[in-house]
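In terms of our numbering, the sequence shown opens at residue 787 and continues consecutively.
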Amino acid sequence: MGQKTNPIGLRLGIIRGWESNWYSKDFADKLIEDEEIRKYLRARLKKAGLSRVII
Numbered sequence: 787m788g789q790k791t792n793p794i795g796l797r798l799g800i801i802r803g804w805e806s807n808w809y810s811k812d813f814a815d816k817l818i819e820d821e822e823i824r825k826y827l828r829a830r831l832k833k834a835g836l837s838r839v840i841i
């Protein structure tokens, strides 16, 4: 049985960068806020042709 790795995690820093570039003391709250912002932008800008949302 082989080890399964996440292809995005494997390529971080080589081909792709992080989707978020921030850190905070209240990380859990900011992480939830980050995901809510992404969901909102994807819903509002669905037909805009965005490939990535970088916060």
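From the three backbone atoms N, C-alpha and C, an ideal C-beta is built for every residue, glycine too. What you are looking at is a predicted structure, and each value in this text was computed from that prediction instead of being measured.
Counting along the chain, ALA829 sits inside the alpha helix (DSSP H) bounded by residues 813-830.
When rounded, the separation of the alpha-carbon atoms in LEU798 and ARG838 is 15 Å. Cβ neighbours of LEU836 within its own chain (closer than 6 Å, five residues either side excluded): none. Bridge pairing for LEU796: absent [DSSP].
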